[in-house]
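Undergrad:
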Amino acid sequence: MTNSRPWIPYLLILPSVAFLALLFVVPLVQTIWLAVSDNGAPSLANAERMVTDINFTRSVKNTFLLTIAVVPVQIAIALAMGTMVAKVGRGRETILWIWTIPLGISDLAAGLVWLSILQNTGYLNSLLFGLGIIGRQASWLSYQTPVALFIAIAVAEIWRGTAIVMVIIVAGLNQVPKEFKEAAEIFGAGPWTRFWRITLPLIRPALQSALILRTVLAFEVFAVVYALGGRNFPVLVGEAYNWQNQNQNYSVAAAYAVLIMIISLAATLIYLKALKVDPERLP
Amino acid sequence: MKHIMSFGILASTVLAFASPVLAQTVFVSTQLRPIEEATVVREELLKDVGAVDYVVEEPPQFAVRMEAERQAGKRTVSLVGALHGELSPLADKDTLEPLDDLAKKLAASGMPQSLLDLGKLGKSTQQYIPWMQATYVMAAKKEALQYLPDGADVNALNYDQLIAWGKNMQEATGQPQIGFPAGPKGLMARYFQGYFYPSFTGGVVRTFQSADAAAGWEKLKALWTYVTPNSTSYDFMQEPLAAGEVMVAWDHIARLKNAISAAPDDYVVFPAPAGPKGRGYMPVVAGLAIPKGAPDKAGAEKIIEHLSMPETQLLTASKVGFFPTLSVKLPPDLDAGVALLAGAVTATQASKDAVISLLPVGLGDKGGEFNKVYMDSFQRIVLQNEPVADVLKAQGATMAKLMTDTKAACWAPDAKSDGPCPVE
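First to last, the protein sequences are chains A and B. Number 33 in this note's numbering belongs to position 33 of the first sequence; there are no gaps in the numbering. Number 121 in this note's numbering belongs to position 121 of the second sequence; there are no gaps in the numbering.
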């Protein structure tokens, strides 16, 4: 039947392709043009403006540092959580449900939750004061405490973003055939050997998806940082937002957007190369 | 049951889509956005002028909407209410209806000509009608007054006294007690343009990198040791004041009002400090304008006239704390917090050394980048401790380029210029 009407699949995917082309490709082309033009003529003035801005180097550094600090921790925690929950029989669903709660919270709300904990009059200071550890309000999020601010943002990001990694990894773990593990046990492989030699290689496709997704999202980090760090911790997307909203210079904002896209694409390509997945293994 | 429900949903959907068909004059405003204030506008200020749809919009979205409607050539908005600086890009693109007849009428009924002239935005015709005005003041908790240095009058402070005050408070309480709104949405840039630069240099653009400016920045660095480091996260000073994080703060009156109105007995409100060149202050003006091609121009003019009547202006002052643009006397039964703020505004205007700093004119859509020059200087000099002279030289070059690009002429307190305002 499909052979007699080969256009049917194309017809069915047409709406989604048209939708994406209209609402993604067109603005993408417009944004790129906005970034590399000045008064209608091609120009690198916006890129130059972006690179020479006082917050550019800081925002690049902060974004990369945050990504490097957050993504590996999230993958490790998610692997640990996924492996632990695999051993649980009853109540597994409930545990997974609780672990995925941060997924349902918007970025900004997550940022505000952590702000209410870490601000001067927040829960953390109240607790420390109650325990007699500090004598008066301590600042954790000011420009004078960059290390505490960085840790606070990293912790908030880890709290908020680990759930999505875990969901992908649990799905990957579920697909690892039991027989392999049983065979390995019979040959006397310990838990560590089984994890390194069997589980990890077999969940490589899931790991790859999780890494790409999380890294791209980490480069796009904004709302949590904006709530906790504001002006004190510039990141790339935050600078794009400032140029668009506060400075009302849409061209420099577009230059930032294009830069973020290039970084994300590069990271994706690196993962695709580095964690090459055998097509035979793809589910 | 199911049928009734789906019928109900259908009916309400139809109603929801059908109701906007009623002819309403759309009034988009970047001012009076919080729900309490918007309700006052809808239910009290606009009660008797017929069907008005009062829509609030954040300033960036406002700019985008106006530009989108301009490019599309299809206006839905008949009347806009926005700050001087937000209307300036619209006038720059020649998208505002001239309002000279209305201006003449209002001048006759007592709107000061100086204020009306601001509404020309540097053009030959009236671009907007001044709607409400406000300014910036300082507020302090009453318990902070005991730390005032000897001989200091809170209503006539200078920078040395403010620094000494900050030092006393820090020594007594163990932490810095002065706060500034230097957060991402705070109005700190206005502090530099309307207060710091006029007070220390007597100018804003011309004197940007002068020796007076360098001395001023050194003074600010000295003050900043007694300013709470959380200032770079503060957007509205009413919150840290009410929460007890700071005792003394500088901000826009509308951003102090909630704390002061909630406990008027706990606060004193007073003018910002004076520097060697006087006591700089900056009036803020919100204006009403009609976009070209507005669907209901007549209705919009009627609303402008209504909002400019003395009764409406007084009601606005007592309900939302923005002051009249007409010369009218405030009623004695004013909200206690608003009365305190009004007292400080009067004290500022009446002080002998006052230096008025007008809002920037002619910057078009570069107002944000103009603010950035000051905020970048602040970040580099005060927060990152870079050498003052180097920073002022680099930022001065950016400023000079901005002025040549926009061809903006100098505005008060800078001396008039023939071409673009020079950075000396």
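We put the beta carbon where it would ideally sit given N, CA and C, even for glycine. As the structure is a prediction and not an experimental result, all values here were calculated from the model.
For Gly196 of chain B, which of B:Pro271, B:Ala263 and B:Phe236 has the nearest alpha-carbon?
TA: Looking up residue 196 of chain B in the second sequence gives position 196. First, the residue type needs correcting, since residue 196 of chain B is Phe and not Gly in the sequence shown. Of the listed residues, the one whose Cα sits closest to Phe196 of chain B is B:Pro271.
Undergrad: Please state whether DSSP places Gly58 of chain A in a helix, a strand or coil.
TA: The residue labelled residue 58 of chain A in the question sits at position 58 within the first sequence. Residue identity check: residue 58 of chain A is Arg in the sequence provided, not Gly. Here Arg58 of chain A sits in helix by DSSP.
Undergrad: Return helix, strand or coil for Trp411 of chain B, following the three-state DSSP convention.
TA: Residue numbering aside, residue 411 of chain B sits at position 411 when the second sequence is read from its first letter. Coil, per DSSP.
Undergrad: Please state whether DSSP places Thr348 of chain B in a helix, a strand or coil.
TA: Mapped onto the second sequence, residue 348 of chain B falls at position 348. Looking at Thr348 of chain B - three-state DSSP - the assignment turns out to be helix.
Undergrad: Can a CB atom of chain A be found closer than 8 Å to the CB of Leu220 of chain B?
TA: Counted from its first residue, the second sequence places residue 220 of chain B at position 220. It does not: the Cβ of Leu220 of chain B has no partner Cβ on chain A nearer than 8 Å.
Undergrad: Is the distance from the Cβ of Ala140 of chain B to the Cβ of Val268 of chain B below 8 Å?
TA: Position 140 of the second sequence, counted from the start, is the residue given in the question as residue 140 of chain B. Position 268 of the second sequence, counted from the start, is the residue given in the question as residue 268 of chain B. Yes; because the gap between Cβ atoms is below 8 Å, this pair is in contact.
Undergrad: Leaving aside the five residues before and after Ser417 of chain B along the sequence, list all residues of the same chain whose C-beta is less than 6 Å from its C-beta, in chain order.
TA: Stepping through the second sequence from its first residue, residue 417 of chain B is reached at position 417. Closer than 6 Å at the Cβ level, and outside the excluded window around Ser417 of chain B, lie Ala409 and Cys410.
Undergrad: Alpha carbon to alpha carbon, how far is Val28 of chain B from His84 of chain B?
TA: The count along the second sequence starts at 1 and reaches residue 28 of chain B at position 28. The count along the second sequence starts at 1 and reaches residue 84 of chain B at position 84. For Val28 of chain B and His84 of chain B, the distance between alpha carbons rounds to 15 Å.
Undergrad: Going straight from the alpha carbon of Pro34 of chain B to that of Leu90 of chain B, what length do you get?
TA: For the purposes of this step, residue 34 of chain B is identified with residue 34 of the second sequence, where counting begins at 1. For the purposes of this step, residue 90 of chain B is identified with residue 90 of the second sequence, where counting begins at 1. If you take the alpha carbons of Pro34 of chain B and Leu90 of chain B, they lie about 24 Å apart.
Undergrad: Assuming contact is defined by CB atoms lying nearer than 8 Å, are Val49 of chain B and Ala38 of chain B in contact in what I supplied?
TA: Residue numbering aside, residue 49 of chain B sits at position 49 when the second sequence is read from its first letter. Residue numbering aside, residue 38 of chain B sits at position 38 when the second sequence is read from its first letter. Cβ distance not < 8 Å, so Val49 of chain B and Ala38 of chain B don't count as in contact.
Undergrad: Which bits of chain A does Leu83 of chain B rub up against, with CB to CB less than 7 Å?
TA: Here residue 83 of chain B refers to the residue found at position 83 of the second sequence. The premise fails here: Leu83 of chain B is roughly 13 Å from chain A at the closest Cβ pair, so nothing lies under 7 Å.
Undergrad: In three-state DSSP terms, what is Met237 of chain B?
TA: Position 237 of the second sequence holds residue 237 of chain B. Coil, per DSSP.
Undergrad: As a quick exercise: from A:Ile262, A:Leu128 and A:Ile158, pick the residue whose alpha carbon is nearest that of Ile75 of chain A.
TA: For the purposes of this step, residue 75 of chain A is taken as residue 75 along the first sequence, with counting starting at 1. Nearest of A:Ile262, A:Leu128 and A:Ile158 to Ile75 of chain A, Cα basis: A:Ile158.
Undergrad: Tell me which residue opens and which closes the beta strand (DSSP E) that Trp131 of chain B is part of.
TA: If you number the second sequence from 1, residue 131 of chain B lands on position 131. Here the beta strand (DSSP E) through Trp131 of chain B covers Ile129 to Ala134.
Undergrad: Bridge partners for Thr31 of chain A per DSSP, in chain order?
TA: The residue labelled residue 31 of chain A in the question sits at position 31 within the first sequence. In DSSP, Thr31 of chain A forms no bridge with anything.
Undergrad: Show which residues of chain B have a CB atom less than 7 Å away from the CB atom of Gln246 of chain A.
TA: Indexing the first sequence from 1 puts residue 246 of chain A at position 246. Per Cβ cutoff of 7 Å: Gly368.
Undergrad: Quick one: what's Tyr267 of chain B bridged to in DSSP?
TA: Counting from one through the second sequence, the residue named residue 267 of chain B turns up at place 267. Its beta-bridge partners are B:Lys141.
Undergrad: Going along chain B in order, which residues have a C-beta closer than 7 Å to the C-beta of Gln144 of chain A?
TA: Residue numbering aside, residue 144 of chain A sits at position 144 when the first sequence is read from its first letter. Chain B residues near Gln144 of chain A: Pro229.
Undergrad: So, for Val328 of chain B: in the same chain, excluding its five sequence neighbours on each side, which residues have a beta-carbon less than 8 Å away from its beta-carbon?
TA: Walking along the second sequence from the start, residue 328 of chain B turns up at place 328. So the qualifying residues of the chain are Gly110, Pro310, Gln313 and Leu314.
Undergrad: Which one of B:Arg255, B:Lys366 and B:Val388 has the shortest CA to CA distance from Lys219 of chain B?
TA: Taking the first residue of the second sequence as 1, we reach residue 219 of chain B at position 219. Residue B:Val388 is the option with its Cα nearest to Lys219 of chain B.
Undergrad: Do the segment 149-167 of chain A and the segment 87-102 of chain A touch if we need at least three Cβ pairs shorter than 8 Å?
TA: Short answer: they touch.
Undergrad: Taking DSSP's pairing of strands, which residues face Gly179 of chain B in a bridge?
TA: Start at 1 with the first residue of the second sequence, and residue 179 of chain B comes out as number 179. Answer by DSSP bridge pairing, in chain order: B:Ala249.
Undergrad: Who are the Cβ neighbours of Pro6 of chain A in its own chain at under 7 Å, not counting the five residues just before and after it?
TA: Your numbering for residue 6 of chain A matches position 6 in the first sequence. Answer for Pro6 of chain A: no residue qualifies.
Undergrad: Using 8 Å for Cβ pairs, my map puts Thr31 of chain A next to Ala257 of chain A. What's the rounded Cβ distance?
TA: Reading the first sequence from its first residue, position 31 is the one you call residue 31 of chain A. Reading the first sequence from its first residue, position 257 is the one you call residue 257 of chain A. With a Cβ gap of about 6 Å, Thr31 of chain A and Ala257 of chain A count as contacting.
Undergrad: Of the choices B:Leu341, B:Ala289 and B:Lys407, whose alpha-carbon is the least far from that of Leu118 of chain B?
TA: What you label residue 118 of chain B is simply residue 118 of the second sequence in a count that begins at 1. The candidate whose alpha carbon is nearest that of Leu118 of chain B is B:Ala289.
Undergrad: Does the beta-carbon of Val17 of chain A have 16 or more other beta-carbons within 10 angstroms, so that it is buried, or is it exposed?
TA: Counting from one through the first sequence, the residue named residue 17 of chain A turns up at place 17. By the 10 Å Cβ count, Val17 of chain A comes out exposed.
Undergrad: I'd like to check one pair, Val77 of chain B with Val41 of chain B: are the Cβ atoms closer than 8 Å?
TA: As a working mapping, residue 41 of chain B is identified with position 41 in the second sequence. As a working mapping, residue 77 of chain B is identified with position 77 in the second sequence. No. Outside cutoff.
Undergrad: Taking 8 Å as the threshold (beta carbon to beta carbon), is Ala336 of chain B in contact with chain A?
TA: The sequence position of residue 336 of chain B within the second sequence is 336, counting from 1. So no, Ala336 of chain B is outside the interface.
Undergrad: Spell out the partners DSSP gives Tyr281 of chain B in its beta bridges.
TA: Walking along the second sequence from the start, residue 281 of chain B turns up at place 281. DSSP lists B:Ile356 as partners of Tyr281 of chain B.
Undergrad: Would DSSP call Asp160 of chain B helix, strand or coil?
TA: Counted from its first residue, the second sequence places residue 160 of chain B at position 160. DSSP places Asp160 of chain B in helix when its eight states are reduced to three.
Undergrad: Helix, strand or coil: how does DSSP classify Gly216 of chain B here?
TA: On the second sequence, residue 216 of chain B is found 216 positions in, with the first residue counted as 1. Helix at Gly216 of chain B.
Undergrad: Determine the extent of the beta strand (DSSP E) in which Phe27 of chain B is found, giving its start and end residues.
TA: Counted from its first residue, the second sequence places residue 27 of chain B at position 27. First-last of the beta strand (DSSP E) with Phe27 of chain B: Thr25 to Ser29.
Undergrad: Would you say Ile54 of chain A lies against chain D (beta-carbon separation less than 8 Å)?
TA: Within the model displayed, chain D is absent; protein chains A and B are what it includes.
Undergrad: Span of the alpha helix (DSSP H) holding Asp101 of chain B?
TA: What you label residue 101 of chain B is simply residue 101 of the second sequence in a count that begins at 1. Asp100 to Ala108 is the span of the alpha helix (DSSP H), which, as asked, contains Asp101 of chain B.
Undergrad: Flag Leu141 of chain A as yes if its beta-carbon sits less than 8 Å from any beta-carbon of chain B, otherwise no.
TA: For the purposes of this step, residue 141 of chain A is identified with residue 141 of the first sequence, where counting begins at 1. Chain B contact via Cβ: present.
Undergrad: Given a cut-off of 8 Å on the beta-carbon distance, is the pair Ala210 of chain A and Leu66 of chain A in contact?
TA: Position 210 of the first sequence, counted from the start, is the residue given in the question as residue 210 of chain A. Position 66 of the first sequence, counted from the start, is the residue given in the question as residue 66 of chain A. No, the Cβ-Cβ distance between Ala210 of chain A and Leu66 of chain A is not below 8 Å.
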